[in-house]
Every structure is written in C-alpha cells, then in structure tokens.
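Here the protein sequences line up with chains B and Y, keeping their order.
Counting along the first sequence from 1, when you hit position 30 you're at 95 in our numbering, and nothing is skipped either side.
Counting along the second sequence from 1, when you hit position 110 you're at 163 in our numbering, and nothing is skipped either side.
Here is the structure we will look at.
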Amino acid sequence: DTEVTQTPKHLVMGMTNKKSLKCEQHMGHRAMYWYKQKAKKPPELMFVYSYEKLSINESVPSRFSPECPNSSLLNLHLHALQPEDSALYLCASSQDPGQARYEQYFGPGTRLTVT
Amino acid sequence: QKEVEQDPGPLSVPEGAIVSLNCTYSNSAFQYFMWYRQYSRKGPELLMYTYSSGNKEDGRFTAQVDKSSKYISLFIRDSQPSDSATYLCAMSVAGAGNNRKLIWGLGTSLAVNP
Numbered sequence: 066d067t068e069v070t071q072t073p074k075h076l077v078m079g080m081t082n083k084k085s086l087k088c089e090q091h092m093g094h095r096a097m098y099w100y101k102q103k104a105k106k107p108p109e110l111m112f113v114y115s116y117e118k119l120s121i122n123e124s125v126p127s128r129f130s131p132e133c134p135n136s137s138l139l140n141l142h143l144h145a146l147q148p149e150d151s152a153l154y155l156c157a158s159s160q161d162p163g164q165a166r167y168e169q170y171f172g173p174g175t176r177l178t179v180t
Numbered sequence: 054q055k056e057v058e059q060d061p062g063p064l065s066v067p068e069g070a071i072v073s074l075n076c077t078y079s080n081s082a083f084q085y086f087m088w089y090r091q092y093s094r095k096g097p098e099l100l101m102y103t104y105s106s107g108n109k110e111d112g113r114f115t116a117q118v119d120k121s122s123k124y125i126s127l128f129i130r131d132s133q134p135s136d137s138a139t140y141l142c143a144m145s146v147a148g149a150g151n152n153r154k155l156i157w158g159l160g161t162s163l164a165v166n167p
C-alpha cells in the first residue's frame, strides 16, 4: 500500500483565519514533505521532515508552520495567508530521506483558496 | 539554463499511438530518475523510477535513461484516453544535511484523443 492521505480536500479561508492541513501515511516512511503547486507548474518544495525533525525549510514565510507529531503524521498550520498563497498543497513521503533511491509518494492534495 | 528541461507541450495524439516524453538535464550529480503522472487537480502518481542507464519496462510504459547524454525518456505504447494527463520528470540530488531533494521538469501535458 503506497497511500498518503490528506485532509481536507478543499479549504477556503480568509486572510485572518487560522487553519491546519493534515497528512498521514502508514508505510513506515521516515521522511515527509510539504509541497506547494500552482497551476501548470511542478510541485515546489516547502519543508522536509526527516525522522520527525525538520531538516529542510526552503525559506518559506512564517505564516506557514509545519509540525510532525509522530512518524505517521504531518501538519501544516496556516495563519494570515495572502491570496497568492492559493494553491494545491501536496504532502509526500519516502522511505529514507538520505538514500539515492527514495521515490516519493504523494497524497491527493488540499486545494486551498485564500479570500 | 534550468537544471531540468522538459517541453510543456501540449502534446496531442490519437488513441493507440506511441507517445515519447523527454527530459534533459545538466547536473551529472543527479542519480535517480522518476516519472510522475498527474491528472488535473490530483496529486502526482509515481509511474516509473530508474537509476542506471538503459531501459526499464512496466506494462505499456518504458523508461529510458542515457546518462552520457543526460537525457531521459518515457514511452507509452498503445496510448489510451485515460493516459491524458501531465507527465513530470523528476531527479534526485543531495540537499541540505543528509537529505535528498527532487528537481522537477515543467511537465508535459498529453491529450490522447479517441
């Protein structure tokens, strides 16, 4: 089973709201990722968690706050977002973040609209 | 010059055609090569991954890597309307610490017409 689940599927929020995106995998993968994807663009890496520790932050604004409560769960907390943050937010996981062979498996994404 | 070049298309073919999708890259440190398929408004789905130069086949799909030319291809035989999607190539490279990152092509939009 190579399933990564994400909730919610769709989210509409105002610029003053606080919301969270959730991601879960039960493949025993030790690396988890958040990506942002705009229309007709490839996924853009935001954060990498390796063995439940934040290992890569691609200079993401502080209005995005990741959290990894355990090896199966990944959250992305959102606060004071801007309309340009509207995008598809993708979660992914891979077996071992340091191995050359480390294909990533993606969830279906959360489509976020900021009004 | 981008590290990974991929023609965004769109590419339109009749049902049953053989489709050839390609990416070129400039960084010889890239080690692992992946092809993802993404349907509209869905997450990317891993189709194929390869490491060494040569061919790898899985059903109607064949992935080809030529490291000497820094060129990878995905062939789809007997294409079906259900193959209509965006195909993204991705390559792994060492990132910060002991982590690896994926470097993506822009994706090629494919339409298979019945």
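In this text, a Cβ means the ideal position worked out from N, Cα and C, and glycines have one as well.
task: Out of LYS105/B, ARG95/B, HIS144/B, point me to the one whose CA is closest to GLU168/B's CA.
output: If we check each option's Cα against that of GLU168/B, ARG95/B comes out closest.
task: Assign GLY158/Y to one of two classes, buried (16 or more other C-beta atoms within 10 Å of its C-beta) or exposed (fewer than that).
output: buried
- prompt: Does the beta-carbon distance from PRO162/B to SER115/B come in below 8 Å?
  reply: Yes; because the gap between Cβ atoms is below 8 Å, this pair is in contact.
- prompt: LYS120/Y: beta carbon under 7 Å from a heavy atom of the ligand MG?
  reply: This structure does not include the ligand MG; it has no bound ligands of any sort.
- request: Under 8 Å Cβ to Cβ from GLU68/Y, same chain only, skipping five residues before and after it: list those, please.
  value: SER132, GLN133, PRO134, VAL165, ASN166, PRO167
- prompt: What's the C-alpha gap between SER105/Y and ASN80/Y?
  reply: In a straight line, the C-alpha of SER105/Y is about 15 Å away from that of ASN80/Y.
query: Is the shortest distance between the beta-carbon of PRO73/B and the beta-carbons of chain Y less than 8 Å?
result: no
8 Å Cβ cutoff met for LYS101/B and PRO173/B: no
task: Using a Cβ-Cβ cut-off of less than 8 Å, list which residues of the segment 107-137 of chain B approach chain Y; keep chain order.
output: PRO107, PRO108, LEU110, VAL113, SER115, SER120, ILE121
task: Could you name the residues of the same chain whose beta carbon sits closer than 6 Å to that of HIS144/B, not counting the 5 residues immediately before and after it, in chain order?
output: Only LYS83, ARG128 meet the Cβ criterion.
message: Threshold first: 3 residues or longer. Then list the beta strand (DSSP E) segments lying entirely within the segment 93-153 of chain B, N to C.
response: 96-102, 109-115, 118-122, 129-135, 138-144
field: Among ALA147/Y, CYS142/Y, SER126/Y, PHE114/Y, nearest to PRO97/Y - alpha-carbon criterion
entry: Of ALA147/Y, CYS142/Y, SER126/Y, PHE114/Y, the residue nearest in Cα terms is CYS142/Y.
query: Which residues in the same chain have their Cβ closer than 7 Å to the Cβ of VAL146/Y, if we skip the five residues on either side of it in sequence?
result: ASN80, ALA82, PHE83, ARG153, LYS154, ILE156
- prompt: Does DSSP put SER135/Y in a helix, in a strand, or in coil?
  reply: helix
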